[in-house]
Every structure is written in C-alpha cells, then in structure tokens.
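Structure first, commentary second.
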Amino acid sequence: METFKIEGKIFERMQKALGVNFTRKTASEFGTIAVNFSKERFIKKDWKNQVSEKWKARKRKDRGSLMTRTGRLKRSIHKISSGDNYVIIGTDVPYAKIHNEGGKIQKTVYVSAYTRKKTKAKSVNLRTRKASRKRVDTGQSIKVKSHVRKMNLYLPKRQFLGRSRALEIRLQRHLKKEIQKTLNNL
395 METFKIEGKI FERMQKALGV NFTRKTASEF GTIAVNFSKE RFIKKDWKNQ VSEKWKARKR
455 KDRGSLMTRT GRLKRSIHKI SSGDNYVIIG TDVPYAKIHN EGGKIQKTVY VSAYTRKKTK
515 AKSVNLRTRK ASRKRVDTGQ SIKVKSHVRK MNLYLPKRQF LGRSRALEIR LQRHLKKEIQ
575 KTLNNL
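For the sequence shown, this note's numbering puts the final residue at 580, and the numbers step up evenly by one.
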C-alpha cells in the first residue's frame, strides 16, 4: 500500500485558534485537495515538486496514455484516514509502489501449453523483398508446449504520490481562503 501523510503544527495551531470543527473540516478538505492533486498527475503526466518533472515517455507510442489502461490505479487513490491533525491518502493497488518509485521486476513465469494459429505475410514488397506487416491466417494451428520464462522488467519512476512543494502551496492558499471566510463570518 502506497500512502502519503499530511500532518504538522498547522493543524494544532488552527485547533487552538478556530476550534475543533474547523480543523476537522479543513483536514477533510486537505485530503480531497491532495487526492485531486495526485489524480491530476495522471492527466498532466508529470510530478510537480518545485519544478515540473515530466514522466518518461513510453517506448511504444501507439499504446495509448501512460499508466492508464483500465484506470484502476488512478481510481484507487483515496483518503485512507483523517483525524483532527492529519490526513493520509493512498492506494491499495499492489503495483502502485513500483510505478510510484520505479524499479526492476525479476520474476520467473510459468507459461501453460496452448495452441496458436499459423500466419504468413500478406504480401512481399518486390523492391525491398521484405514481407509486409499484415498477416494472414493459413488455417493451420501450432501447439506450444508449456515452459518457464524469466522476466526482467524495468519500470521508470512515474511519481504520483508523495511530498510536493506545489501541493503544500496549494494547501496553504486553500487554508488562507478558509480562514478569511471564517473571520468574515464572525
């Protein structure tokens, strides 16, 4: 489980000055802002700390948006818990940590036996003598035996959760607005 915690003396000071209800409400709003900030990273494909760090582009451009095949990782970001002086946001998706921090995956995978269709190139370019990329089914099938495959996969760091100066500034602005609103209502 990947988590990020917002806490500090800000909440304690607010509790003394403005009361427990204001602190609870603000803590909940901070959690919502932090969740939206993390989900925004999937749209902008970067990590904002003091400067914007673009995510490394995927090798195959034709495969769609980065880290969004089903949307499960983005949808799983939520407030895990909040109290009077803290908020924890995170995700319970098992692959969130490797995507957030990057790293190498080394696994041995068992591939069970299966059959596949035999194909051949649709046409050959007469000038270059290369087969076209389009394939045609020959009607034959090939049996593939079960085997073991070793996987060495490197995932680059594409951070979407963690401490961010940009998020802290956003939270401070929100806090100033809420304090002004509360003081104007008194």
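Virtual Cβ for every residue (Gly too), placed ideally from N, Cα, C. Just so it is clear, the structure is predicted and the values come from calculations on it, not from any experiment.
Handout entry: Counted within 10 angstroms of its Cβ, other Cβ atoms place T464 as buried (16 or more) or exposed
Key = Reading the sequence shown from its first residue, position 70 is the one you call residue 464. Result: exposed.
Exercise for the section: Please say whether S506 and S422 have beta carbons closer to each other than 8 Å? Expected result: Walking along the sequence shown from the start, residue 422 turns up at place 28. Walking along the sequence shown from the start, residue 506 turns up at place 112. The Cβ atoms of S422 and S506 do not sit closer than 8 Å to each other.
Exercise for the section: Go through its chain and collect everything with a Cβ distance to K501's Cβ below 6 Å, but skip five positions before and after it. Expected result: If you number the sequence shown from 1, residue 501 lands on position 107. Within the same chain, K501 has close Cβ partners M545.
Handout entry: Close-in-space but distant-in-sequence residues of the same chain around V530 (CB under 8 Å, 5 per side omitted)
Key = What you label residue 530 is simply residue 136 of the sequence shown in a count that begins at 1. T513, K514, A515, K516, listed in sequence order.
Practice task
Could you pull out every residue in the same chain whose Cβ sits closer than 8 Å to the Cβ of L412, ignoring the five residues on either side in sequence?
Solution key: One-based indexing of the sequence shown puts residue 412 at position 18. Counting only Cβ-Cβ distances below 8 Å, and skipping sequence neighbours, we find I573, T576.
Problem - Residue range of the unbroken beta strand (DSSP E) whose run includes Q500 - result: As a first step, residue 500 must be located in the sequence shown, where it is residue number 106. In the DSSP assignment, Q500 falls within the beta strand (DSSP E) that extends over 497-505.
Exercise for the section: Note down the Cα distance separating K468 from Q534, rounded to an integer number of angstroms. Expected result: Counted from its first residue, the sequence shown places residue 468 at position 74. Counted from its first residue, the sequence shown places residue 534 at position 140. Their backbone Cα atoms lie some 42 Å apart in a straight line.
Exercise for the section: On the DSSP bridge assignment, give the partners of L467 in chain order. Expected result: Position 73 of the sequence shown, counting from 1, holds the residue named residue 467. Beta bridge pairing from DSSP links L467 with no other residue.
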